[in-house]
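Q:
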Amino acid sequence: MDNLLGDFLRARREQISPSDVGLPATGRRRVPGLRREELALLAGISSDYYVRLEQGRDHNPSAQILEALARVLDLDDAARRHLHQLAAPFRSEPIEARAPASIVELIGTWPATPAYVQDRLTNVLAANPVAARVSPNYAVGRNLLRAVFLDPAERALRRDWDQLTADGVAGLRAALGPDVNDPSAADLIAELGASERFRELWARHDVRPRTGHPVRFRHPAAGDLDLHSDKLDIPGPGSLQLVVFHATPGTRDAETLASLSALSPAR
Numbered sequence: 685m686d687n688l689l690g691d692f693l694r695a696r697r698e699q700i701s702p703s704d705v706g707l708p709a710t711g712r713r714r715v716p717g718l719r720r721e722e723l724a725l726l727a728g729i730s731s732d733y734y735v736r737l738e739q740g741r742d743h744n745p746s747a748q749i750l751e752a753l754a755r756v757l758d759l760d761d762a763a764r765r766h767l768h769q770l771a772a773p774f775r776s777e778p779i780e781a782r783a784p785a786s787i788v789e790l791i792g793t794w795p796a797t798p799a800y801v802q803d804r805l806t807n808v809l810a811a812n813p814v815a816a817r818v819s820p821n822y823a824v825g826r827n828l829l830r831a832v833f834l835d836p837a838e839r840a841l842r843r844d845w846d847q848l849t850a851d852g853v854a855g856l857r858a859a860l861g862p863d864v865n866d867p868s869a870a871d872l873i874a875e876l877g878a879s880e881r882f883r884e885l886w887a888r889h890d891v892r893p894r895t896g897h898p899v900r901f902r903h904p905a906a907g908d909l910d911l912h913s914d915k916l917d918i919p920g921p922g923s924l925q926l927v928v929f930h931a932t933p934g935t936r937d938a939e940t941l942a943s944l945s946a947l948s949p950a951r
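Residue numbering for the sequence shown is 685 to 951, as defined by the numbering used here.
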């Protein structure tokens with residue numbers, strides 16, 4: 685039986701040092717981070733009860749206990765919500781994700797603004813031509829996490845690969861919540877496990893919703909390209925997002941995007 689709550693607590697406990705919470709780092713420590721009894725003491729619960737939680741032998745912690753643990757573990761709002769979800773998981777039914785026809789039509793009218801639609805697993809459901817000229821992986825049927833971790837050409841394209849991969853894995857955790865054993869998600873996670881970087885990040889249990897951020901490419905034809913990525917939730921089933929890249933008007937990056945729209949489609 686999976687122990688999603690216990691795995692999360694253990695991973696986050698190991699990232700908190702005694703000095704972070706005002707404890708002296710005395711004695712030899714066999715494991716990183718806080719000891720179980722230290723976390724229990726700081727959260728105001730018994731060590732035995734915390735051990736049962738982390739080992740998956742208690743599945744009904746109160747909201748007050750979860751909030752006390754979140755405080756000691758210094759969880760942000762996204763990680764706190766994730767903690768509550770793991771303690772009372774709601775298994776969603778699989779939904780066939782489709783990009784709304786109106787969105788597909790809209791982004792098709794943007795000749796110099798790369799845009800695509802992705803589902804919660806980062807499968808590309810729609811993309812306009814200029815997006816495919818930024819990267820051939822912005823194409824229907826591609827999975828962006830698979831590309832970023834397993835495609836050497838995509839890694840070479842990404843000047844911010846380290847940050848991108850960290851955000852990608854934390855975003856996947858946030859999007860899935862307790863649904864990590866959904867068959868499609870489990871297959872993707874198993875495939876990404878071929879990457880040592882993915883295994884390292886997945887074990888951290890970091891959680892961050894997918895939001896807009898700067899992106900830095902090293903395009904094989906256009907050179908360095910600094911853009912901003914905005915991620916807009918699409919109402920309706922399937923947890924879809926519209927992702928739009930744009931450049932600051934009047935910059936070389938804006939000129940480069942305009943020139944990319946005139947290129948032949950990427951192969």
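Every residue gets a Cβ at the ideal spot worked out from N, C-alpha and C, and that includes glycine. Source: prediction; values computed, not measured.
Could you spell out the range, first to last residue, of the alpha helix (DSSP H) harbouring D855?
A: The question names Asp, but residue 855 is Gly in the sequence shown. 845 to 860 is the span of the alpha helix (DSSP H), which, as asked, contains G855.
Q: Going straight from the alpha carbon of S819 to that of G717, what length do you get?
A: Distance between the alpha carbons of S819 and G717 is about 40 Å.
Q: Contact between the segment 845 to 855 and the segment 892 to 908 is defined here as three or more beta-carbon pairs at a separation below 8 Å; is this criterion met?
A: Counting Cβ pairs under 8 Å, three or more are found: they touch.
Q: Just to confirm, are I918 and I791 a CB contact at a threshold of 8 Å?
A: It is not a contact, given that the beta carbons lie outside the stated cut-off.
Q: I'd like to check one pair, V824 with T797: are the Cβ atoms closer than 8 Å?
A: Taking 8 Å as the Cβ cut-off, T797 and V824 do not qualify as a contacting pair.
Q: Less than 8 Å between the beta carbons of G922 and A810, yes or no?
A: No. Outside cutoff.
Q: For G690, count neighbouring C-beta atoms within 10 Å of its own C-beta (all shown protein chains included) and say buried if the count is 16 or more, exposed if not.
A: Result: buried.
Q: Is A727 closer than 8 Å to P745 when the C-beta atoms are compared?
A: Not in contact: P745 and A727 (Cβ atoms no closer than 8 Å).
Q: Determine, using beta-carbon pairs with one atom in the segment 904 to 919 and one in the segment 867 to 875, whether at least three such pairs fall under 8 Å.
A: Too few Cβ pairs lie closer than 8 Å, so no.
Q: Looking only at DSSP bridge pairs, what is V735 linked to?
A: DSSP lists no partner for V735.
Q: Rounding to the nearest angstrom, what Cα-Cα distance links D732 and N687 in this structure?
A: Using only the alpha carbons, I get a separation of about 17 Å.
Q: Are there three or more Cβ pairs, one per stretch, closer than 8 Å when the segment 878 to 892 is compared with the segment 692 to 700?
A: Cβ pair count under 8 Å is three or more, so yes.
Q: How many whole angstroms separate the CB atoms of V808 and L828, which I take to be in contact at a CB cut-off of 8 Å?
A: At roughly 7 Å, the Cβ-Cβ gap stays under 8 Å, so V808 and L828 are in contact.
Q: Would you mind giving the Cβ-Cβ distance between H930 and L911, rounded to the nearest angstrom? I have them listed as a contact below 8 Å.
A: With a Cβ gap of about 6 Å, H930 and L911 count as contacting.
Q: Secondary structure at L893, three-state DSSP: helix, strand or coil?
A: First, the amino acid is wrong: residue 893 is Pro here, not Leu. P893: coil per DSSP, three-state reduction.
Q: Which residues bound the beta strand (DSSP E) around H930?
A: Per DSSP, H930 belongs to the beta strand (DSSP E) from 924 to 930.
Q: Keeping to the same chain, check which residues put their C-beta closer than 8 Å to that of S943; ignore five residues upstream and five downstream.
A: Counting only Cβ-Cβ distances below 8 Å, and skipping sequence neighbours, we find A906.
Q: Given F967, which residues of its chain have a CB within under 6 Å of its CB, disregarding the five upstream and five downstream residues?
A: The requested residue 967 is not part of the displayed model; the chain covers only 685 to 951.
Q: Jot down the residue ranges of each uninterrupted alpha helix (DSSP H) in the segment 798 to 842, minimum 4 residues, whole runs only, in chain order.
A: If we require 4 residues or more, the alpha helix (DSSP H) runs fully inside the segment 798 to 842 come out as 813 to 818, 828 to 834, 836 to 841.
Q: Under a three-way DSSP split, which group does H903 fall into?
A: Strand.
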